[in-house]
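Before any comments, here is the structure.
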Amino acid sequence: MFIFIKHGLEFDRKHVLLNNANHLAGGFGLAVVLQNYLVGDPFLPVVIGWALIVFSAIVHLIAVTR
């Protein structure tokens, strides 16, 4: 398990902007999805929120497997 954390940290050190953009996209996507399901009137289509969450998950997967 610790090897995955080590790989993730090395990836993040090499790709600082991608890491920051990844977390921004994931948080913003989560906000859109939660706003849709909790309030019911999101300011963006919920598909965009899900796409941002999927992007964030894919980048995290790449970071820990490289």
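Residue numbers for the sequence shown follow my numbering, so the first one is 425 and each next one is one higher.
Here a beta-carbon is modelled for each residue, glycine too, at the ideal position from N, C-alpha and C.
Only a predicted model underlies this, so the values are computations on that prediction, with no experimental measurement involved.
Query, Result
"Validate contact between the segment 428-441 and the segment 449-457 using beta carbons, cut 8 Å, 3 pairs", "no"
"Buried/exposed call for Ala473, threshold 16 Cβ in 10 Å", "Before going on, a small fix: residue 473 reads as Gly here, not Ala. When all chains shown are included, Gly473 counts as buried."
"With 16 other Cβ atoms within 10 Å as the buried cut-off, status of Asn444", "exposed"
"Residue range of the unbroken alpha helix (DSSP H) whose run includes Arg372", "With the chain covering only 425 through 490, there is no way to say anything about residue 372."
"C-alpha gap between Ala481 and Gln459, whole angstroms", "20 Å"
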